[in-house]
Structures are given as C-alpha cells and as structure tokens.
Amino acid sequence: MTRHRIFVPRDAAALALGSDEVERAIIAAARTLGLDIEIVRTGSRGLFWLEPMIEVETPAGRIAYGPVKPEDVEPLFAAGWLDGGAHPLRLGSPEDIPFLKRQTRFTFARCGIVDRLSLADYRAHGGLSGLERALSLGPAAIIEEVTKSGLRGRGGAGFPTGIKWKTTADARAAQKYIVCNADEGDSGTYADRMIMEGDPFCLIEGMTIAGIAVGATKGFVYIRSEYPHAIEVFGRALKIARDGRVLGSRVVGSAHDFDIEIRVGAGAYVCGEETALLDSLEGKRGQVRAKPPLPAHKGAFGRPTVVNNVISLASVPVILADGADAYRDVGFGRSRGTMPIQLAGNVKYRGLFETGFGLTLGEIVDDIGGGTASGRPVRAVQVGGPLGAYFPRSYFDTPFDYEAFAAKNGLIGHAGVTVFDDTVDMARMARFAMEFCSIESCGKCTPCRIGSTRGVEVIDKIVRGERRAENLKLLEELCETMRFGSLCALGGFVPFPVTSALTHFPEDFGGVPVSGAA
Ligand SMILES: Cc1cc2nc3c(=O)[nH]c(=O)nc-3n(C[C@H](O)[C@H](O)[C@H](O)COP(=O)(O)O)c2cc1C
Ligand code: SF4
C-alpha cells in the first residue's frame, strides 16, 4: 500500500487556529478510508492567514491546502488531495504562493518544511554543514567570516555580531558563556518563537558555532514563560541533539565541548534588555546593570558572555555553510543579509516575510501586507515594537535599513511592523507608550521610573486641553530628559513613539505639533 506523507504545522499560531484538531480529523478519515498515511509535524511557513496550511507530498512535489478546518478534511480526501486534487482550498505549490515566492529565505529556509524534531531531516536539508565548516576553519576564522558577512544583532540594537564575538574571544577566563536572548518582548514579533518551534536545531547549531568561536562550553537560552510551545519543542530538540552527539562533550566528533540549558523568564519586557536578562537568568530580580563592564567582559555569573538574539544566532549556520559573501551580497547600505519582517496589527496578509534589507516601508505594508485587514486606509505604522516610532504614509518611501530609519527618528528593532488604519487615535497610542514604560520600568533610574508616570499625566492634560502650549513644552522637555538621561533604551527610546505621534498626527492632540519634536 502506498504511504502518503502529510505535513501539518505545529507552530503555536497554527495550533491556535486548530492544527491539532485538523490532524485528528485527518487520522480519523484516513482510517475510515483504509489509507496508509504518515503525518509530519512541521513549523509554520509564516503565512498566518492560511493557517492551518496543510501540505501533501505528491509525485509533482508538495501541494498546499489552506486554511483547513476539521470539517474540510473529508471533502479534501474526496477531492483526491493526496494526489494534489482540485479543491477550493488548494493553494498549489507553496513555493509559488506570491508571499513566499518573493522572499529570500536564509534563516527560515527550513521552517515549515522539515520535521522540526528530526535530526536526520535537518541534515538532509543542509543542517550542520555550517558547523562542519566552522570546525574546519577554527575560532579566529569563524569570527572573521561572521564579521565579513556584515551580520548585525537582530534583537534591536544592530550591533555587529563579529565584533561582539571577538571581544568575548579576546577576554581571558576559564569559563565563558553564550546567552541566547529569546525573550522576544516586542509587540507584534514572533520570529524567535517560530525558529525555536519550527527549526530548533538551527539555533542549536548557531549557538554551538558561537561557543567554538569564543571558547565557551556552555550556553543558555532565556525564553519567556509565555512561550510554552517553544520551551517544550526546544527542550526536546536539546535532548535529541545530545543523543545525536551534536551537543555535549566532543560535539560532532570534534575536540570541542558545548551544551545548552533553557532558563525560563517570567515575561517582563525589561528582561529582554541584555543585562536585566543576565540578572534574571542568575535567579535575581531582572534589573538593568550599568555598563561598563560589558557582558562580553563580565556577563553571566561574572564571566565573559556573548548575548545574542535568536535570529542573530540562527543566521550563523547559513553564513558559515554558504560563505560570508553570499550573505553580505544581499541587503542595503550597511544593513547586510536578510531580515525576517513580521507583519502584525491591522494588515491583510499577516505573517513572516524574510527578505534582504532595502524594501521600502510602503512596499512592505501596501504590497506585501496588502494594506489593512479592515479595508480602511493605512494611517500609521509602528516599526520596532513598543519603543518604535509611528510613521505616517508620507514616510512610506523609507528603505528598510537601520540607518535610514534612524535618520527619520525611527528604528527597525526586531523588525515588527504593526499597521493601524484611520480609526486609530494617536494620542491614545502616545499615552499607551508612556503607560507601558511606567508598568515595565525596572525602576533603577529616575527619568524612566518617574518620567513615564509624569508623561501619562501630561498627555492626559494635553488631550483635555489643559494649558496646552505649556504642557506640550513640558512633554517635549520630559521626552528629552528621558531620551538622554535614561540608563537603558526602555526609558531612552519611549520618546520615539510619543514624539512621532505628536509630530505626524498633531490633530489627534487637538492642535499643531510641538516644536523640535522627533
Ligand atoms: C527594554 C529592552 C528590551 C529588549 N528586549 C529584547 C528582546 O526581547 N530580545 C532581544 O534579542 N533583544 C532585546 N533587547 C536588546 C538586548 O539588550 C541586546 O541588545 C540583544 O539581546 C543583543 O543581541 P543581538 O546583538 O544579537 O541583537 C532589548 C533591549 C531593551 C533596552
Ligand atoms: S531606563 Fe527604565 S528600565 Fe532602563 S534602567 Fe532606567 S528605570 Fe530601568
């Protein structure tokens, strides 16, 4: 009897949309029909409006159907979907779906395709070739390769990864650490989660390469407790990697030892900041540390530590496997390689779009995202999470590039793009930014701890029309104090959403923009 392979995503987004129920319906229908099937649980391809997107293996390649509900399963079997039969939910070859076809998938090349917990499948799709090349190069040449690739930290600050690794490599210590920042606190972002759930070995490989490069034998992945599926899948992947000798002593038969431990955080936004993360990882209350010393010199447990975002580390295997040039050749200006843009909010095609830097914001929102889900005009777009600026349509020609966004008082951050239609009240959004900061502040420095609460009060007064001119001036000064006087970027960047809302959408505050804002 022919065995039919059916690919069912088990990513948290697909699960939320019913992929487990669909799997059960497939098993029941196959049993009734006496068909021999093998179900492969994958991550998500990142096209959330089509989830659960189920793929079947046919002689002509994989064919996708979606969004599939349990009640669609019987009709799909009746339509002959195992041979790619016609049905209203048939999407054709996944690679030909325009949203996927237009992407450059380096970091997410396997996500949604492979059995996320099969080391054999990982290898069959190019996995571990980066680690093998890294072992043949040796520590100094690995760092050189990462530096040459132009990779910059994907967690928000965009700091060159190669320089960070070199600093840790040069530090003298008996014990060093690799810490993976999987806190992913930015609103509307999910790339880290998708990798951990959909291609966990890629992150394990990237961390192992980092460990070999800087001389660290131990890694930690700090994951927030709101990511139970990522914690579960990544934990299982660690065990499989150990059993397969990819982790542990003498990784893949080399002279290097490396292992990884998961540490779960309670989910405070500030615990994504690298030094607060280290405090939390060590079991303390997550509070920002003053720098210097840099974590590269004195990080986890006082030892030299590389702290990198999930996507930074998961981008390393492909850089090593294909070479720095192949990565660096894609991109724009000083932003090299690809970025997984995460479309969220009021947008028609919500999902992950990995592409080289340089698309304009307008192309991302109107073209790739398809405009708003509500069908109303786009009014504002917030890029970079809750501390990102609100850009109006007139900024839609801005290329997606660290420097181009900074030049317009914005930031790319972790590449979350949240879309708002013309019903949004921008004064409320500005107030929300200050309120968010007051709730999430670690309390260590005054501009942020006190300033954010005063900021909420002042915005309320402006909106009520109380001594407007005076309070606008006060808000401007408060933003300046927070921007330049805060110890970390939580208090330091909250002026971005506030002043951009004031500058570009003054009508929502009942008047003209405050001078000099944004
Ligand atoms: C308030 C705040 C929250 C942050 N949250 C995250 C986060 O959730 N994930 C992350 O990777 N970086 C976050 N960062 C940035 C980290 O401090 C740090 O720059 C990053 O982990 C370094 O890794 P990278 O160089 O690979 O980007 C945050 C920074 C601040 C100030
Ligand atoms: S800016 Fe806010 S979060 Fe950062 S150290 Fe100061 S009080 Fe803590």
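Letter by letter, the sequence shown follows residues 505 to 1022 of this note's numbering. For glycine and all other residues, C-beta sits at the position ideal for the given N, C-alpha and C. Since we're looking at a predicted model, the values are computed, not measured.
For this session: Measure from the alpha carbon of residue 757 to the alpha carbon of each residue in 674, 741, 826 and 632, then state which is nearest.
Result: Nearest C-alpha to residue 757: 632.
For this session: Consider the C-beta atom of residue 989 and the heavy atoms of ligand 1; say whether any pair is separated by less than 7 Å.
Result: Flag unset: Cβ of residue 989 not near ligand 1.
Problem set entry | residue 496 versus residue 712 - alpha carbon distance | In the structure displayed, the chain extends from 505 to 1022; residue 496 sits before or after that span and is not available.
Exercise. From which residue to which residue does the alpha helix (DSSP H) around residue 997 run?
Worked result: In the DSSP assignment, residue 997 falls within the unbroken alpha helix (DSSP H) covering 993-997.
Problem set entry | Nearest-angstrom Cβ-Cβ length linking residue 777 and residue 941, presumed shorter than 8 Å | The beta-carbon separation of residue 777 and residue 941, rounded to 13 Å, does not stay under the 8 Å limit for a contact.
Problem set entry | Length at least 4, wholly inside the segment 660-745: the alpha helix (DSSP H) runs in chain order | Here the runs fully enclosed are 665-674, 695-702 and 704-718.
For this session: Using only the heavy atoms of ligand 1, determine whether one of them is closer than 7 Å to the beta carbon of residue 777.
Result: Checking the Cβ of residue 777 against ligand 1 gives yes.
Exercise. Whole beta strand (DSSP E) runs in the segment 509-564 with 3 or more residues, listed along the chain?
Worked result: Fully enclosed beta strand (DSSP E) runs of no fewer than 3 residues occupy 540-546 and 558-562 of the segment 509-564, in order along the chain.
For this session: Could you name the residues that DSSP lists as bridge partners for residue 566?
Result: According to DSSP, which records beta bridges pairwise, residue 566 is partnered with 561.
Exercise. Distance, Cα to Cα, residue 999 vs residue 573?
Worked result: If I take the Cα positions, the gap works out to 44 Å.
For this session: Please state if the CB of residue 914 and the CB of residue 888 are separated by a distance shorter than 8 Å.
Result: Residue 914 sits close to residue 888, with the two beta carbons spaced by under 8 Å.
For this session: Quickly, what does DSSP pair residue 812 with across the bridge? List them, please.
Result: In DSSP, residue 812 forms a bridge with 684.
Exercise. What three-state label does DSSP hand residue 963 in the structure shown?
Worked result: Secondary structure of residue 963 (DSSP, three-state): helix.
Problem set entry | Distance CB(residue 826)-CB(residue 866) smaller than 8 Å | For residue 826 and residue 866, no; Cβs fall outside 8 Å.
Exercise. What separation, rounded to the nearest whole angstrom, lies between the Cα atoms of residue 524 and residue 512?
Worked result: Rounded to whole angstroms, residue 524 and residue 512 show a C-alpha spacing of 8 Å.
Problem set entry | contact_flag[the segment 788-796, the segment 602-622] where n(CB pairs < 8 Å) is 3 or more | These segments do not touch.
For this session: Decide if residue 1012 is buried, meaning its Cβ has at least 16 other Cβ atoms within 10 Å, or exposed.
Result: Taking every protein chain shown into account, the CB of residue 1012 has 16 or more other CB atoms within 10 angstroms, so this residue is buried.
For this session: Tell me whether residue 983 counts as near ligand 1, meaning its Cβ is closer than 7 Å to at least one heavy atom of that ligand.
Result: Short note on residue 983: C-beta not closer than 7 Å to any heavy atom of ligand 1.
Problem set entry | Three-way DSSP call (helix, strand, coil) for residue 447 in this model | Residue 447 is absent from the structure shown; the chain starts at 505 and stops at 1022.
Problem set entry | Bridge partner(s) assigned by DSSP for residue 847 | Residue 847 pairs with 855 and 921.
Problem set entry | Pairwise C-alpha distance: residue 681 and residue 802 | Answer to the nearest angstrom: the Cα atoms are 10 Å apart.
Exercise. Cα separation between residue 578 and residue 530?
Worked result: In this structure, the straight-line span from the alpha carbon of residue 578 to that of residue 530 is close to 8 Å.
Exercise. Can you name, in chain order, every residue of its own chain whose Cβ lies under 7 Å from the Cβ of residue 590, other than the five neighbours on each side?
Worked result: Same-chain partners within the cutoff: 583.
Exercise. Based on the DSSP secondary-structure assignment, which residues constitute the bridge partners of residue 650?
Worked result: Under DSSP, residue 650 forms no beta bridge with any residue.
For this session: Provide the residue span of the beta strand (DSSP E) that contains residue 641, from first to last.
Result: Residue 641 -> not in any beta strand (DSSP E); alpha helix (DSSP H) instead, spanning 633-641.
Exercise. Would the segment 832-850 and the segment 648-660 be scored as touching if the rule is three or more Cβ pairs under 8 Å?
Worked result: Contact holds: three or more Cβ-Cβ distances are below 8 Å.
Problem set entry | residue 870 - DSSP class collapsed to helix/strand/coil | It is helical.
Exercise. Mind checking residue 634: buried by the 16 CB within 10 Å criterion, or exposed?
Worked result: Taking all protein chains in view, the Cβ of residue 634 is crowded by 16 or more other Cβ atoms within 10 Å, so the residue is classified as buried.
Exercise. Residue 745 to residue 646, Cα distance in whole Å?
Worked result: In a straight line, the C-alpha of residue 745 is about 22 Å away from that of residue 646.
Exercise. With respect to the beta strand (DSSP E) encompassing residue 884, which residues constitute its N-terminal and C-terminal limits?
Worked result: For residue 884, the uninterrupted beta strand (DSSP E) segment begins and ends at 882-887.
Exercise. Taking C-alpha atoms, which residue in 706, 807, 542 and 939 lies nearest to residue 779?
Worked result: The shortest C-alpha to C-alpha distance from residue 779 to any of 706, 807, 542 and 939 is the one to 807.
Exercise. Just the Cα atoms here: how many angstroms apart are residue 587 and residue 846?
Worked result: Rounded to whole angstroms, residue 587 to residue 846 spans 33 Å at the Cα level.
Exercise. Where does residue 559 land, buried or exposed, given buried means 16+ other C-beta within 10 angstroms?
Worked result: Label assigned to residue 559: buried.
For this session: Answer yes or no: do residue 638 and residue 817 have a C-beta to C-beta separation smaller than 8 Å?
Result: No, these two residues do not count as a Cβ contact at 8 Å.
For this session: Identify every residue that forms a DSSP beta bridge with residue 864.
Result: According to DSSP, which records beta bridges pairwise, residue 864 is partnered with 903.
Exercise. CB-CB under 6 Å to residue 1020, same chain, minus the five flanking residues each way: which ones, in chain order?
Worked result: Annotation note: pLDDT 42 at residue 1020 (below 50); position unreliable, coordinate value reported separately. Take residue 1020, set aside five residues on each side of it, and no residue of its chain has a beta-carbon closer than 6 Å to its own.
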